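Below is one structure, written out as structure tokens; the observations come after it.
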Amino acid sequence: MEIIANYGNVLIILAIVFGVFMAWGIGANDVANAMGTSVGSGAVTIKQAIIIAVIFEFAGAILAGGEVTATIRKGILDAALFANEPHLLVYGMLASLLAAGSWLLIASSLGWPVSTTHSIIGAIVGFGAVGVGVDAVEWNQVVKIIMSWIASPVLAGIIAFTL
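Take the sequence shown: its position 79, counted from the start at 1, is 79 in the UniProt record's numbering, and no numbers get skipped.
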């Protein structure tokens, strides 16, 4: 992998910067969605909401984030198609992070509640389909992801109704 040998440090720095940018977008978007009603009703102060969010967002990422990360990293694109040109995968994943982070910045600044997961999945699918071709996308995996997006609120509604 010539790209790593020649530009490894630069790529790592870019990945960190783009990753922090994406993480900031996630925090700006998701914490407001999760804590807005609690702060708005006066149940907790803004400072308390931030502390609660930091603790539980971090715990969620550590305890449940591994499987999600593995799916995003390995399950959406056919990595075998990048074997001869690994730099395309590196550039595409960096572009996906930057694109999703930029979208979150725009949406959050306009007050739009958007899904951070949809943003990064869409960016990766877009990179694969446009940058390499529709065959690069593992469509069966994408369908499973979309089905989980549909099933989650339905199941939550059923559980809430039965309680």
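Heads up, the beta-carbon is just placed ideally off N, CA and C, and yes, glycines get one too.
This structure is a prediction, so every number in the text was calculated from the model and none was measured.
What are the residues that DSSP puts in a beta bridge with residue i?
i: Leu104; result: DSSP, once it has assigned bridges, lists no residue as partnering Leu104.
i: Leu77; result: Val137
List the whole-angstrom C-beta distance separating residue i from residue j, where the pair is believed to meet the contact cut-off of C-beta under 8 angstroms.
i: Ala100; j: Met22; result: 6 angstroms
i: Leu77; j: Glu138; result: 7 angstroms
Let me make sure I understand the geometry here. Which of the options has the alpha-carbon closest to that of residue i?
i: Ile145; options: Ile158, Ile120, Thr162; result: Ile120
i: Asn84; options: Ala28, Val132, Ser109; result: Val132
i: Asn9; options: Val90, Ala79, Ala53, Ile51; result: Val90
i: Ile150; options: Ile46, His118, Gly25, Gly126; result: His118
I'd like the list of long-range same chain contacts for residue i, defined as Cβ closer than 7 angstroms, with 5 residues on each side in sequence excluded.
i: Leu97; result: Phe18, Gly19, Met22
Can you grab the Cα-Cα spacing for the pair residue i / residue j, in whole Å?
i: Asn29; j: Gly111; result: 9 angstroms
i: Leu63; j: Val54; result: 14 angstroms
i: Thr116; j: Ala5; result: 32 angstroms
i: Phe161; j: Leu155; result: 10 angstroms
i: Gly66; j: Lys74; result: 12 angstroms
Leaving out the 5 sequence neighbours to the left and right, which residues in its chain are closer than 8 angstroms to residue i when beta-carbon positions are compared?
i: Leu88; result: Phe82, Gly131, Val132
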